[in-house]
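S.K.:
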Amino acid sequence: MGAGKVFAIIGGLLGVLSVVLYYIAPDILNLWNLNAPLVPLKVYLGGFGAWSGEWLATPFPIEYAGDLILLIVGVLTIGGGVITFIGGAAGSKTVGILGGIILLAGPILLLVALIAKLGIFGDTIVPLMGDVNLLFGSIFGVADWGIGIGSYLAIGGGILGIVGGATT
Numbered sequence: 001m002g003a004g005k006v007f008a009i010i011g012g013l014l015g016v017l018s019v020v021l022y023y024i025a026p027d028i029l030n031l032w033n034l035n036a037p038l039v040p041l042k043v044y045l046g047g048f049g050a051w052s053g054e055w056l057a058t059p060f061p062i063e064y065a066g067d068l069i070l071l072i073v074g075v076l077t078i079g080g081g082v083i084t085f086i087g088g089a090a091g092s093k094t095v096g097i098l099g100g101i102i103l104l105a106g107p108i109l110l111l112v113a114l115i116a117k118l119g120i121f122g123d124t125i126v127p128l129m130g131d132v133n134l135l136f137g138s139i140f141g142v143a144d145w146g147i148g149i150g151s152y153l154a155i156g157g158g159i160l161g162i163v164g165g166a167t168t
């Protein structure tokens, strides 16, 4: 098995795990998070429009926001991960590269939604926080927010998928 196949398979697995692992550890493996210790409030967003967190130290379970953008992010990330994995297992350059591009489209859409304040970000978070950069940031002592480890896993998986597909 060549290095390209291994890269594509690992990239596909990272893409799928970046969304699926949110349901096991949302506080660590989320796509975006907000921590406001003064309130105290913690919010974790995952793929498919899932969100969870804590309010006044009381955790609330994973629920679904019904946000179309986060649903599309989850579908692109999982779909791209599966296609990348199949491309790596089959040794197909085209399928591996295509899967990596689709996998990268998920976190890119999330970043665009954060920057342009689309969907749940514009409807719910901007009225709470004001007109701030939602990609990452903090207000000293009040809140900090940013993209989570799940987003980085998906980006890494997409890059590995493209590299693996190109070198298969």
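Take the sequence shown: its position 80, counting from 1, is numbered 80 in full-length UniProt numbering, and each next residue is one higher. Glycine included, C-beta positions come from ideal geometry on N, C-alpha and C. Nothing here was measured: the structure is a model prediction, and the numbers come from that model.
#1: Quick one: Cα of LEU14 to Cα of LEU114, how far?
#2: Where does GLY164 sit, in a helix, a strand or coil, going by DSSP?
#3: Throw me the rounded Cβ distance for the GLY148 and LEU29 pair, which I believe falls under 8 Å.
#4: Is the Cβ-Cβ distance between residue 205 and ALA154 less than 8 Å?
#5: Whole angstroms are fine: how far does the CA of LYS93 sit from the CA of LEU70?
#6: Output the boundary residues of the alpha helix (DSSP H) element that contains residue 169.
#7: Which two residues bound the contiguous alpha helix (DSSP H) that contains VAL126?
#8: Which residues in the same chain as THR168 place their Cβ atom closer than 8 Å to its Cβ, once the five residues preceding and following it in sequence are excluded?
#9: What is the DSSP secondary structure of SER92, reduced to helix, strand or coil?
#10: From GLY165 to ILE102, what distance separates their C-alpha atoms?
#11: Pull the bridge partners of TYR44 from the DSSP assignment, please.
M.R.: By the coordinates alone:
#1: On the sequence shown, residue 14 is found 14 positions in, with the first residue counted as 1. On the sequence shown, residue 114 is found 114 positions in, with the first residue counted as 1. Spanning the two alpha carbons is a distance of roughly 22 Å.
#2: Mapped onto the sequence shown, residue 164 falls at position 164. Three-state DSSP puts GLY164 in a helix.
#3: Locating residue 148 in the sequence shown gives position 148, where the first residue counts as 1. Locating residue 29 in the sequence shown gives position 29, where the first residue counts as 1. 7 Å between Cβ atoms; contact.
#4: No statement about residue 205 is possible, as the shown extent of the chain runs from 1 to 168 and does not include it.
#5: For this step, residue 70 is matched to residue 70 along the sequence shown. For this step, residue 93 is matched to residue 93 along the sequence shown. Near 29 Å, if we compare the C-alpha coordinates of LYS93 and LEU70.
#6: For residue 169 there is no data in the structure shown, the boundaries of the chain being 1 and 168.
#7: If you number the sequence shown from 1, residue 126 lands on position 126. Residues 126 to 129.
#8: Mapped onto the sequence shown, residue 168 falls at position 168. Around THR168: GLY2, GLY4, LYS5, ALA8, GLY87, GLY88, GLY91, SER92, LYS93, GLY96.
#9: The residue given as residue 92 occupies position 92 in the sequence shown. Looking at SER92 - three-state DSSP - the assignment turns out to be coil, as it is neither helix nor strand.
#10: The sequence position of residue 165 within the sequence shown is 165, counting from 1. The sequence position of residue 102 within the sequence shown is 102, counting from 1. Those two C-alpha atoms are separated by around 13 Å.
#11: Taking the sequence shown and counting its residues from 1, one reaches residue 44 at position 44. Answer is ASN33, SER52, bridged to TYR44.
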